[in-house]
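Student:
Number of protein chains: 2
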Amino acid sequence: MRTHELVLQWIEKQLSDGDLALGGRLPGERAMAEQLKVSRTSVREAVRILEAMGVVRAGVGSGKDAGTVVIAEPGSALGSTLRLHVATRHLPVADIVETRVLLESWAAERAQVGVPALEEAAELLDQMDAASDIDAFLALDARFHVALAQAAGNSVVSAMMASLRGAIENYAGELTGNLPDWNATSDRLRAEHRAILTAVNDNDGGRAAELVAAHIQGFYTEAGVGSGPSPR
Amino acid sequence: MRTHELVLQWIEKQLSDGDLALGGRLPGERAMAEQLKVSRTSVREAVRILEAMGVVRAGVGSGKDAGTVVIAEPGSALGSTLRLHVATRHLPVADIVETRVLLESWAAERAQVGVPALEEAAELLDQMDAASDIDAFLALDARFHVALAQAAGNSVVSAMMASLRGAIENYAGELTGNLPDWNATSDRLRAEHRAILTAVNDNDGGRAAELVAAHIQGFYTEAGVGSGPSPR
DNA sequence: TAATCCATGTGGTTGGACCACATCAACTAG
DNA sequence: CTAGTTGATGTGGTCCAACCACATGGATTA
Chain A
2 MRTHELVLQW IEKQLSDGDL ALGGRLPGER AMAEQLKVSR TSVREAVRIL EAMGVVRAGV
62 GSGKDAGTVV IAEPGSALGS TLRLHVATRH LPVADIVETR VLLESWAAER AQVGVPALEE
122 AAELLDQMDA ASDIDAFLAL DARFHVALAQ AAGNSVVSAM MASLRGAIEN YAGELTGNLP
182 DWNATSDRLR AEHRAILTAV NDNDGGRAAE LVAAHIQGFY TEAGVGSGPS PR
Chain B
2 MRTHELVLQW IEKQLSDGDL ALGGRLPGER AMAEQLKVSR TSVREAVRIL EAMGVVRAGV
62 GSGKDAGTVV IAEPGSALGS TLRLHVATRH LPVADIVETR VLLESWAAER AQVGVPALEE
122 AAELLDQMDA ASDIDAFLAL DARFHVALAQ AAGNSVVSAM MASLRGAIEN YAGELTGNLP
182 DWNATSDRLR AEHRAILTAV NDNDGGRAAE LVAAHIQGFY TEAGVGSGPS PR
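Heads up: the sequence lines are chains A and B, in that order. In our numbering, each residue's number is its place in the first sequence (first place is 1) plus 1. In our numbering, each residue's number is its place in the second sequence (first place is 1) plus 1.
#1: DSSP three-state label for B:S231, please.
#2: Would B:V39 pass as an interface residue toward chain A - the criterion being a Cβ-Cβ separation below 8 Å?
#3: Going by beta-carbon coordinates alone, are B:S43 and B:H91 separated by less than 8 Å?
#4: State whether the stretch 129-138 of chain B contacts the stretch 101-114 of chain B, with contact taken as three or more CB pairs (one from each stretch) at a distance under 8 Å.
#5: When the Cα atoms are used, what is the spatial distance from A:P230 to A:V94?
#6: Relative to the C-alpha of A:D203, which candidate in A:G115, A:L7, A:Q218, A:L190 has its C-alpha closest?
#7: When you compare the CB of B:A132 with every CB in chain A, is at least one pair closer than 8 Å?
#8: Taking 8 Å as the threshold (C-beta atoms), are B:M162 and B:L104 in contact?
#9: Quick check: what's the CA-CA separation for A:I38 versus A:G29?
#10: Which residues in the same chain as B:H216 place their Cβ atom closer than 7 Å to its Cβ, once the five residues preceding and following it in sequence are excluded?
#11: Skipping 5 residues on each side, what residues in its chain have a beta carbon closer than 8 Å to that of B:A145?
#12: List, from N- to C-terminal side, the beta strand (DSSP E) runs of 3 residues or more that fit wholly inside the stretch 46-107 of chain B.
#13: Can you tell me the Cα-Cα spacing of A:L51 and A:A185, whole angstroms?
#14: Taking CB distances under 8 Å as the criterion, tell me whether B:A88 reaches chain A.
#15: 8 Å is my cut-off, CB to CB: does A:W183 come that close to chain B?
#16: Closer than 7 Å, Cβ to Cβ, to anything on chain B: give me those residues from the stretch 16-35 of chain A, in chain order.
#17: Quick check on the burial criterion: 16 or more other C-beta atoms within 10 angstroms. Buried or exposed for B:M33?
#18: Have a look at B:L83 and A:E99 and give me their C-alpha separation to the nearest angstrom.
#19: What's the gap between the Cα of B:L7 and the Cα of A:M54?
#20: Residues bridged to A:R26 by DSSP?
#21: Can you grab the Cα-Cα spacing for the pair A:Q151 / A:V158, in whole Å?
#22: Round the Cβ separation of B:S77 and B:G167 to the nearest angstrom and send it over; I've been treating them as touching at under 8 Å.
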């Protein structure tokens, strides 16, 4: 077993045993190295991996944001992983879109009316009406879909949703340039968003799921993805 | 931007541009360090992250298994990430089980008859009949479910399925000790597996999906998970 | 009293050294 | 000429010692 894996094991045990909780701080790199009888290099390699997994965040200096603290951001970590595998052509974009339809439909069908995430989703729609440029619109769009997924109350589904969205984020941004009429498209997307949220708030899960599926597939089909092999 | 992130960016670009393909070898750590004008340490940190993401595999020595090779194993990488987040209590086991039901039901419904994965699944069932100890049974069980998921032809769903299974693998192993009668349980599981595979081969996707959902939920319910808060 | 300076502790980076390992070519003994 | 041995080579794995940038907070000073 390699040295940095030993460090990883030790930290994972601290987490499992509850000795290290969310928001807690890891010992300094030098302290851990001395305690585990390994070099600081190996400790750093382990911390790097945890950072890539979204389990910790490292900050320099001293005070509030300093040190290596335990966080919980599986979404961005999974997103980076998926993005890399998309780059290797091992994961086709079409499969990611299909999976996104699957997860988001499920979430829309089970979204619980009255949770904070739905209120946030409604606010985001208002902001999208006022959004001027495409990038701002897409950023709000991403947050809307994540909020919708959160309303179902399954943190794993939420995390995977966010990661799928993140994995093809740049890709989606490039696609908008190919659309024939962005204004028309954005108007349609806005209307579809409203319809989805209305269906959810009416407790019509089945309809919400159908609308979500059509919404996502519609966008990528219009942009030239979703049917046929991945163009990337 | 930190130095190792620069290296990551460079490698990701090599992958995106196709200069580095699956099965290809990265330049040696010393060569990359010199080329990118960074220290070998930073290069190593980047390689570590890619290794944790299941994008590369590092091997010492020389020859066939030596050097840093591009691979594609998102499943195990995502599994490790999820396992860590379960350790932080951020991802409840119940949510993972629920997500697994979602993905596997979907896959069972869309499994394509005649693909190699289904043949492998059938062979695994035969091996499970001969499995003596619990661990061997569970290992074959895991492979069966992964094979079933692969039959749907969506690599993202397959990878996520494998990762979910891996994230709670140890957990599932511990649970079997709490079962009242393992022999009875394993007989039931075997029968359910046969029924699922039969439904798939009969092109009865709906029934296959129902059977899979009941199969997974049944196991975890019997073992004391799936309802109520996570016990871990 | 208020502004400044510096000691302290954090992660970030570097260069160099050495190790274990696997291969392959050159060499040597038969 | 063949078969076995040996050493050169190149890979990742590990460690060390030093230095940097940064943020804080207490000591010092105007």
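We put the CB at the ideal spot given by N, CA and C, even for glycine.
Tutor: By the coordinates alone:
#1: With a pLDDT of 40 at B:S231, under the threshold of 50, the modelled position of that residue is not reliable, and the figure given next carries that caveat. Coil, per DSSP.
#2: No, because no Cβ of chain A sits closer than 8 Å to the Cβ of B:V39.
#3: no
#4: no
#5: Low confidence applies here, because A:P230 scores a pLDDT of 43, under 50, leaving its location unreliable; read the following figure in that light. Approximately 9 Å, taken between the alpha carbons.
#6: Checking every option, the nearest Cα to that of A:D203 belongs to A:G115.
#7: no
#8: Against a cut-off of 8 Å, the Cβ pair of B:M162 and B:L104 comes out as a contact.
#9: Per the sequence presented here, residue 38 of chain A reads as Lys, with Ile not at that position. Each residue's Cα considered, the two are about 14 Å apart.
#10: E193, I197
#11: Looking at the sequence shown, residue 145 of chain B is not Ala but Phe. Answer for B:F145: A122, L125, L126, M129, H194, listed in chain order.
#12: Runs of the beta strand (DSSP E) inside the stretch 46-107 of chain B: 57-60, 68-71.
#13: 43 Å
#14: It does: the Cβ of B:A88 has a partner Cβ on chain A nearer than 8 Å.
#15: no
#16: Listed by position along the chain: L16, S17, L23.
#17: buried
#18: A direct Cα-to-Cα measurement between B:L83 and A:E99 gives close to 22 Å.
#19: 18 Å
#20: Residue pairing by DSSP puts A:R26 in a beta bridge opposite A:V70.
#21: 8 Å
#22: 6 Å
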